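Input: a single structure, listed below in structure tokens.
Chains as they are written, first to last, in our numbering: chain A, 1 to 594; chain B, 595 to 995.
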């Protein structure tokens, strides 16, 4: 998950590159860098952090340049590991996406020949290999280098003395943008679309030489070849969203993959934490917003699977609570790892002497430096302000943790643990089958979109899901929504129920199902339209105005599926109301203020 | 040039495996059949693909998206009001206003390779049919050639007695005026491409190109094993998972990320094992097997020449041979399938099938000590209690107590 851009032409090179990188933000953003060639010298700026943090010093002029934005999945984001990489003589610069399979042997060989490496990446071998092969002819050196490397890659290179950019690809995308007296290169079309709509797609094994006025392409057999110029009809914004109308919808649809990535390897071998080292007699979840709801679901999961008593605190309130005598394991949840309130809470938990564990989606984010242990959700970058796939993967992590802790505490049999793991393995395809029903879910949002007030009710482990459903509807549809435990409605909110206040009721077949049926009956008797999300049931069909039944799943794992349905309900309600779904008013993706 | 892929049908003869996904999305060697088609086209340098979708189209659209990940620009056209049978021309007709030059057409439900497409591209004329040889020609559209062997003499759909062994692969090149011919035949109540081609043939020559590339078709559930075996021939050796002690791996075996092969297991290629699986200890997987993602296989179980899909759990001491196990099937211990030559009846005809085991559709739950007879199909979402022997077809959603 990285992005590449390149430019050759008369414009402000640094600006074109940085703008292109910003357009690739959706592919990742934990480190970025730019190298430009100017009057026989290469100027480099690279840095861990956001693209806008990059210094523009020395890179604004120059006739050609390359840039890279990185989303680390392996190897820490750091200044050293950021692209571009330079050779020992600082004459060549490269950026690379993908994996070089044989980098170890090449690296050893190059070190023996006296090359000095400054990073832990596989990418750096490419630039030193280019240096080794360079004999006055940059193109020849590039061609020779490409024959030596195996793997999947997109590589873009520049040499200080030659006014050209060289590029190749193998199983990794690369597209050339054609301008007038200028040309562009990018891993993904959105980076180019502000400048040109005319593109050529390279094919596997192609090598291309790009100058200001000319593009030469050789195919994998080294024969000169043409690649047809295509006109792109969509604009950059559309392209970033991969054909989806909003990032939120894209991210909702990425959930099966995100779950798969988050459980990968962790079901068979969870070796990231040594559970015997921690006090597992009590657990405390601390988080804000959607993450807090994930923690709240976690409370039920931990109590059920690992039999650990749990508490939940909002980050902003935690500091003002009084310390207890016990030292609970403190689990802090933050998608970005930059949420200021949660970081402050981590410090406070440490001060109180608790063991601290953070669950976050961003490698090496601020919170990771404040806690004893970190676990990463593998959701990939989340751009939509309303959290979707990160909630899902946070909850997945909590299931995984609860299973391990249950085993550690001897309260969970091996068979039972295996059953739970089987349930997790099946979740991706169950979520997928809900997503494939999106039209059905869309239909049930018509009534909601006309309401000013709504209630979300659930019981037991789905009570936090009702809270989360209500939060999503408020966030993106700007409709007032209140989440309640179903049994609490009659203690006050009943006064508000009218035919204009729809109630979304979660009804799964756990020990509270009969009670839930009773609650739904009570609500329906007040003339409020009822939308039921839950397990298939004839009684529910009779009582409810609209229903959506989730695929069969044990009630302990139902929150994830129900929540996906609620995400789609909020999305389509907001869509009907024409809201700014990815950037709701007054909200920011990561809240770095108290 | 644009390529049109026809992917709107259910593939009813593959039921119950098409309950939640169309035939084109059934995985063989862990990739949907349609992905082989897309790859073969893209590898020939064609990026613009129009997919005609219909049945369970969400499944296709969310998998392929805008095509970016597959190196293609995919546009979708929905075929509404599908005619009852043989609606290929009707499906193709939906793309009419997106096409203004010569184009090529593919069925989405056959596994093909890069060469299959290049054979067409290298020699095609205005109207071309890509043909191949078949042992069972009468299942398909049979082609006879004019003397010289370059042009089509006749194209006969599913003849009782086949005049030749050459059949149409359903892969064509056309000029946009094919749509006029389609309009005419649809006016006469015929909705299939061969009927439209008959109209073309009244005035034009139709080139026939014989392909040497792959073209493998699955009509019935038991055919999936052949398609799977063929797709596995292209697997490369690659181990990404964790491999335990004393695991023996022979031949081309591909093991996905996060998969764990526990001690003492034996795996023989060509075999593919997906991501996040938990296999063993002491499991034996023999050649031409596909195991999907997130599948668990318990100790002392043996799997041979079988297609096991995603999220499946199989207990210990089980034997799975020449079988198809659908997504999410859950089987407890001591499950047995066995393989034999069988006559299987579907839609009133008897099919002779060689060496066939069990075919179990998605989300079926099977207790301990169950045996499923050779050639038996078990529907989707069934529940079979421990100790039962299943001797004949079971409808989806049945409970065997």
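We put the beta carbon where it would ideally sit given N, CA and C, even for glycine. The structure displayed is predicted, hence computed values, not measured ones.
Which of the three DSSP states, helix, strand or coil, is assigned to residue i?
i: residue 460/A; result: helix
i: residue 350/A; result: helix
i: residue 97/A; result: strand
i: residue 491/A; result: helix
i: residue 944/B; result: strand
i: residue 56/A; result: coil
i: residue 415/A; result: helix
i: residue 531/A; result: strand
i: residue 611/B; result: coil
i: residue 212/A; result: coil
i: residue 175/A; result: strand
i: residue 901/B; result: strand
i: residue 231/A; result: strand
i: residue 918/B; result: strand
i: residue 169/A; result: strand
i: residue 954/B; result: strand
i: residue 82/A; result: coil
i: residue 519/A; result: helix
i: residue 797/B; result: coil
i: residue 224/A; result: strand
i: residue 911/B; result: coil
Counting along the chain, where does the beta strand (DSSP E) carrying residue i start and finish?
i: residue 801/B; result: 801–804
i: residue 37/A; result: 31–38
i: residue 712/B; result: No beta strand (DSSP E) contains residue 712/B, which is instead part of the alpha helix (DSSP H) from 708–717.
i: residue 378/A; result: Note, residue 378/A: premise wrong, no beta strand (DSSP E); not H, not E.
i: residue 356/A; result: 356–360
i: residue 64/A; result: 64–70
i: residue 185/A; result: 183–186
i: residue 45/A; result: 41–48
i: residue 474/A; result: Segment: none, residue 474/A is in no beta strand (DSSP E) and carries neither H nor E.
Looking only at its chain, what residues have a beta carbon closer than 6 Å to the beta carbon of residue i, apart from the 5 residues adjacent to it on each side?
i: residue 164/A; result: 209 and 211
i: residue 756/B; result: 731, 732 and 736
i: residue 379/A; result: 258, 361, 389, 390 and 393
Below 8 Å CB to CB, which residues in the same chain sit around residue i once its five sequence neighbours on both sides are set aside?
i: residue 454/A; result: 448, 470, 473, 479, 480, 481, 482, 501, 502, 503 and 504
i: residue 230/A; result: 198, 199, 200 and 201
What I want to know is whether the C-beta of residue i ends up closer than 7 Å to one or more non-hydrogen atoms of the ligand SAH.
i: residue 719/B; result: With respect to the ligand SAH, the structure offers nothing, as it holds no ligand at all.
Looking at the secondary structure, which residues open and close the alpha helix (DSSP H) in which residue i lies?
i: residue 775/B; result: 772–781
i: residue 542/A; result: 538–543
i: residue 440/A; result: 438–443
i: residue 6/A; result: Unbroken run through residue 6/A is the beta strand (DSSP E), 2–8; no alpha helix (DSSP H).
i: residue 406/A; result: 389–408
In chain order, what residues of the same chain have a beta carbon less than 7 Å from the beta carbon of residue i, not counting five sequence neighbours either side?
i: residue 833/B; result: 849
i: residue 715/B; result: 638
i: residue 802/B; result: 723, 725, 737, 739, 744, 745 and 746
List the residues of chain E that residue i touches, going by C-beta distances under 8 Å, in chain order.
i: residue 907/B; result: Of the protein chains in the structure, A and B, none is chain E.
**Prompt:** Counting Cβ pairs closer than 8 Å, one from the segment 7–19 of chain A and one from the segment 180–199 of chain A, do we hit at least three?
**Reply:** With three or more CB-CB distances shorter than 8 Å, the segment 7–19 of chain A counts as touching the segment 180–199 of chain A.
**Message:** Quick check on the DSSP output: what are the complete alpha helix (DSSP H) runs of length 4 or more inside the segment 545–594 of chain A, in order along the chain?
**Reply:** If we require 4 residues or more, the alpha helix (DSSP H) runs fully inside the segment 545–594 of chain A come out as 558–576.
**Request:** Could you tell me which uninterrupted alpha helix (DSSP H) segments, each at least 4 residues in length, are contained entirely in the segment 622–684 of chain B, listed from first to last along the chain?
**Result:** Runs found: 627–636 and 651–658.
**Unbroken stretches of the beta strand (DSSP E), 3 residues or longer, contained in the segment 110–162 of chain A** = Correct list: 151–159.
**Prompt:** Should the segment 35–47 of chain A be called in touch with the segment 221–230 of chain A, which here means at least 3 C-beta pairs below 8 Å?
**Reply:** At 8 Å Cβ cutoff, the stretches do not touch.
**Prompt:** What residue ranges within the segment 688–765 of chain B form continuous beta strand (DSSP E) runs of no fewer than 3 residues, ordered along the chain?
**Reply:** DSSP runs (the beta strand (DSSP E)) wholly in the segment 688–765 of chain B: 697–701, 704–706, 722–727, 735–739 and 746–751.
**Message:** Please give the ranges of any alpha helix (DSSP H) in the segment 265–353 of chain A, keeping only runs that are unbroken, at least 4 residues long and fully inside the region.
**Reply:** 289–301, 315–318 and 340–351, all fully within the segment 265–353 of chain A.
**Prompt:** Does the segment 600–615 of chain B come within contact of the segment 553–563 of chain A, defined as at least 3 CB pairs closer than 8 Å?
**Reply:** Contact fails: fewer than three Cβ-Cβ distances are below 8 Å.
**Message:** For the pair the segment 368–388 of chain A and the segment 428–445 of chain A, tell me if three or more CB-CB distances fall below 8 Å.
**Reply:** Too few Cβ pairs lie closer than 8 Å, so no.
**Prompt:** Touch check for the segment 925–945 of chain B and the segment 578–589 of chain A: three-plus C-beta pairs under 8 Å?
**Reply:** The segment 925–945 of chain B is not in contact with the segment 578–589 of chain A.
**Request:** Could you tell me whether the segment 687–697 of chain B touches the segment 244–257 of chain A, using the rule of 3 or more Cβ pairs below 8 Å?
**Result:** At 8 Å Cβ cutoff, the stretches do not touch.
**Request:** Report the residue ranges of all beta strand (DSSP E) runs contained in full by the segment 840–893 of chain B; include only those spanning at least 3 residues, in chain order.
**Result:** Correct list: 842–844, 847–849, 860–862, 865–867 and 883–885.
**Message:** Does the segment 168–177 of chain A come into contact with the segment 142–155 of chain A, if we say contact requires no fewer than three beta-carbon pairs (one atom in each stretch) closer than 8 Å?
**Reply:** Yes: the two stretches touch, three or more of their Cβ pairs being nearer than 8 Å.
**Message:** Counting beta carbon pairs with one atom in the segment 82–89 of chain A and one in the segment 126–143 of chain A, are three or more of them shorter than 8 Å?
**Reply:** Touching, yes, given that three or more Cβ pairs across the two stretches are closer than 8 Å.
**Message:** I want to know whether the segment 803–815 of chain B touches the segment 698–710 of chain B - three or more CB-CB distances under 8 Å.
**Reply:** Taking 8 Å as the limit for Cβ pairs, the verdict is that the segment 698–710 of chain B does touch the segment 803–815 of chain B.
**Request:** Could you tell me whether the segment 916–924 of chain B touches the segment 953–963 of chain B, where touching means 3 or more Cβ pairs closer than 8 Å?
**Result:** Contact between the segment 916–924 of chain B and the segment 953–963 of chain B is present, because at least three Cβ pairs lie under 8 Å.
**Request:** Would you check if there are 3 or more beta carbon pairs closer than 8 Å linking the segment 176–183 of chain A to the segment 143–151 of chain A?
**Result:** Taking 8 Å as the limit for Cβ pairs, the verdict is that the segment 143–151 of chain A does not touch the segment 176–183 of chain A.
**Message:** Which runs of the alpha helix (DSSP H) at least 4 residues long sit entirely within the segment 953–983 of chain B? Give them in chain order.
**Reply:** If only uninterrupted alpha helix (DSSP H) runs of at least 4 residues are considered, none is enclosed by the segment 953–983 of chain B.
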